[in-house]
Amino acid sequence: MTDIHSELSYLQAFRDAVDEAGIVAINDTKGKILDVNDNFCQISGYTREELIGADHRILRSDQHSNEFFREMYRTIRRGKTWRGEICNKAKNGRLYWVNTTIVPMFNEEGKIDGYLALRIDISEQKRLMQRLQHLAHHDPLTGLPNRVSILESIQKVIDRKSGKHFALLFMDFDRFKLINDSLGHDVGDKLLEAIADRLRKTVRASDTIQAARLGGDEFVVLLENLHSPDDAILVANRLLETLARPYILGGYTIYSSASIGIVTSEHRSETASEMLSDADLAMYEAKAAKQDRPIVFDRVLRDKAQKRLYIENQLRDVISRDELKLFYQPIIDLETGELRGVEALIRWFHPECGMIPPDEFISVAEEMDMIIPVGNFVVDEACRQLAVWRKTLGARAPENLHVNVSRKQLEHPTLVSIVAAALERHEIPAKCLHLEVTESIIMHDREASIETLNELKKLGVKLDVDDFGTGYSSLSCLCDFPIDVLKLDREFIKKSDRDREVLLIHALIILAEKLGLEVIGEGIENIEQLQLLQGLGCRLGQGYYYSKPLCGDEIEGSILNGKWHATHPMINA
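Residue numbers for the sequence shown follow numbering that gives the first Met the number 0, so the first one is 0 and each next one is one higher.
Here it is in structure tokens:
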């Protein structure tokens, strides 16, 4: 008797515990609710009277498919226990999640005559998981899908292979770093939020259009179900127009246009990463073009990128492999025809690719910071060559040596010491060395440039402004910087058959004369251009009319053969 009593006590205790912690319901085989506990009423919002006798579908939400419930009933009708997570709908429409176990109940004949469902409320855990899932797939600043999310979406579109056109737009915002650095990160963040808001409104986010932020100031837009790949260009142009409008943020009026690259399904990629990379390549091409128009990816861009990567890899050891050579273009006295100096020009002779021109590798060297060792090599090698000429040619050696300096070289703290060491090592008088910088370079960081140029002047070297007249601050740089020589941009010379360019060249020559500066005309290609510059009073020039760039031995041979009638006296230290 005691054992039976104890067993009943344990059973009651078990039921009480389940009733206290769980959400319990009993249904008949047709789905009618036979009984529920208080927890069931509390979470569902229904009274016991409303629930008992009602069909269990009263709780069904739209979060599960019909197949979900068919599979559940197939399981319990076979007399097996079903376990899973179900989203139910309360009386007031609120959705809640329950971890559910449904157990068949058998009668004395062994037949199923009902089901007991035990549920545990997991709504809070679900909300937390959904929040974590959202954070994992969305940018916390703008709320847009992030890189992980958009890559998944792109891959789904690629794998679908529906035959419909789609495209990916990759955009980067010009001047964002300047805005962020000068106005602060708070304003930068507000700008990113404003950009995201414009993207949402412009692309009208739907199942077929999705905007995302990759990070920094990089955003993408995925377009699906296009009638034609050209539709992507229409969307991109609309975005360019919208994003170029000024932003009013924190009391500032900010302008920040976008560069957009496009890749379409015409150049189908196998992976989302590949498609994103192609769009990125097109974006960089658009940024470099500076024409406020989108660029569509094609295989030429891919070939160009692969060649660039090859150049980048090969550049790392180019100096140690002794593949860089200097050529020299003569600078001539336009009145006498005498050689006055040479400009050192770098060339890269690759054992497999042959001669790689500077416009294909100098910009790469600048981006990967190889321009510092390359620039240092040029300064030292050019000084070495001038020392050789001074020894072998004596008074007939070139009087001046002109060497180009990049922006990163000018900004680097070792430039002055590198130049001083090269002059000392090769015993070159400082006044023989001309360092050439463009006006855009020295205006990039005005104060720092003035300081460095003054330090170079203290060494005794001469300073030239190359490509003069192409920038927006020419007159300003003449007043503020210690300049000795102006080199007229070759575009002026090329267009010197037009009256306007002639007047401008003449005005610049007169201005330089008043300021005590020498003028060198670049890019002289024919007798007409030479005669024009002579008539306008330009004393020095260079170009293919006189000579293409030559190696050191060819310069020496030409001098010995009297090609430029160089008879000026030796300039001593």
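Even glycine gets a Cβ: it sits at the ideal position worked out from N, Cα and C.
Computed from a predicted model, the values in this text were never measured in an experiment.
Which one or two residues does DSSP pair with residue i in a beta bridge?
i      : result
Gln209 : Leu221
Arg82  : Thr100
His164 : Leu225
Val355 : Note on identity: in this sequence residue 355 is Ile, with Val being the wrong assignment. Bridge partners of Ile355: Trp347.
Thr263 : Ala166
Arg118 : Ile22, Thr99
Tyr251 : Leu248
Asn403 : Glu435
Ile32  : Asn26
Gly540 : Ile331, Gly520
Glu342 : Gln328, His401
Lys189 : None, per the DSSP bridge assignment.
Gly214 : Glu217
Pro144 : His137
Hey, out of the options, whose CA is closest to residue i's CA?
i      : options                        : result
His433 : Val404, Glu49, Asp216          : Val404
Arg82  : Lys88, Phe68, Lys90            : Phe68
Ala479 : Pro103, Leu58, Leu452          : Contrary to the premise, residue 479 reads as Asp rather than Ala in this sequence. Here the closest residue by C-alpha is Leu452.
Asp216 : Val378, Arg292, Glu48, Phe169  : Phe169
His443 : Leu94, Lys29, Asn36, Leu177    : Leu177
Ser60  : Leu94, Glu48, Thr74            : Leu94
Cys550 : Val23, Val341, Glu311, Lys31   : Val341
Leu62  : His133, Lys88, Leu333          : First, the residue type needs correcting, since residue 62 is Gln and not Leu in the sequence shown. It is Lys88.
Arg339 : Leu414, Ile330, Ala288         : Ile330
Glu517 : Ile492, Ser43, Leu559, Leu462  : Leu462
Ile32  : Arg73, Asn91, Asp112           : Asp112
Cys352 : Gly142, Leu333, Glu322, Phe376 : Glu322
Asn236 : Asn36, Leu400, Ala285          : Ala285
Pro350 : Val363, Arg320, Leu344, Asp332 : Arg320
Ser227 : Arg197, Thr263, Val202         : Thr263
Asp37  : Gly21, Asp488, Glu423          : Gly21
His411 : Asn179, Asp180, Asn375, Leu502 : Asn375
Ala24  : Asp552, Ser64, Val97           : Val97
Trp563 : Ser276, Glu334, Phe360         : Glu334
Roughly how many angstroms separate the alpha carbons of residue i and residue j, rounded to a whole number?
i      : j      : result
Leu70  : Ile51  : In the sequence as displayed, the identity of residue 70 is Glu instead of Leu. Their backbone Cα atoms lie some 25 angstroms apart in a straight line.
Asp188 : Thr80  : 53 angstroms
Ile232 : Leu539 : 49 angstroms
Leu485 : Tyr254 : 34 angstroms
Arg76  : Val156 : 40 angstroms
Ala211 : Thr28  : 49 angstroms
Leu531 : Ile504 : 10 angstroms
Ser472 : Arg445 : Residue confidence for Ser472 is low, a pLDDT of 48 falling below 50, so the modelled location carries little weight; the figure read from the coordinates is stated next. Rounded to whole angstroms, Ser472 to Arg445 spans 11 angstroms at the Cα level.
Gly260 : Glu240 : 15 angstroms
Thr207 : Asp316 : 48 angstroms
Gly44  : Ile57  : 12 angstroms
Glu604 : Tyr114 : Residue 604 lies beyond the residue range present for the chain, which begins at 0 and ends at 572; the question has no answer from this structure.
Ile440 : Glu123 : 59 angstroms
Ala429 : Thr391 : 20 angstroms
Ile101 : Gly92  : 24 angstroms
Ser161 : Phe218 : 26 angstroms
Glu84  : Ile119 : 9 angstroms
Pro372 : Glu380 : 12 angstroms
Tyr545 : Tyr327 : 12 angstroms
Asp229 : Leu143 : 25 angstroms
Leu140 : Arg146 : 13 angstroms
Asp498 : Asp297 : 41 angstroms
Thr46  : Val220 : 50 angstroms
Phe175 : Leu414 : 29 angstroms
Thr252 : Gly183 : 14 angstroms
Leu559 : Ala281 : 51 angstroms
Asp171 : Glu438 : 27 angstroms
Arg159 : His136 : 21 angstroms
Lys547 : Ala343 : 12 angstroms
Leu325 : Phe491 : 26 angstroms
Leu248 : Ile294 : 30 angstroms
Would you say residue i lies against chain C (beta-carbon separation less than 8 angstroms)?
i      : result
Gln541 : In the structure shown, chain C cannot be found, because there is only a single protein chain.
- the segment 125-143 touching the segment 237-249, judged by at least three CB pairs closer than 8 angstroms: no
- Message: Assess contact between the segment 531-546 and the segment 513-522, defined as three or more Cβ pairs (one per stretch) separated by less than 8 angstroms. Is contact present?
- Response: yes
- Query: Do three or more CB pairs link the segment 404-414 to the segment 361-374 at distances below 8 angstroms?
  - Reply: yes
- Do the segment 293-307 and the segment 491-509 make contact, defined as three or more Cβ pairs closer than 8 angstroms? Cβ pair count under 8 angstroms is below three, so no.
- Message: Please give me, in chain order, every unbroken run of the alpha helix (DSSP H) with length at least 4 that falls completely inside the segment 267-336.
- Response: 271-288, 298-314
- Task: Indicate whether the contact test is met: 3 or more Cβ pairs, each with one atom in the segment 414-426 and one in the segment 457-467, closer than 8 angstroms.
- Result: yes
- Stretch-stretch touch, CB-based, cutoff 8 angstroms, three pairs: the segment 263-279 with the segment 145-160: yes
- Item | In chain order, each alpha helix (DSSP H) run of at least 4 residues that lies wholly inside the segment 443-509 | 445-458, 473-479, 489-493
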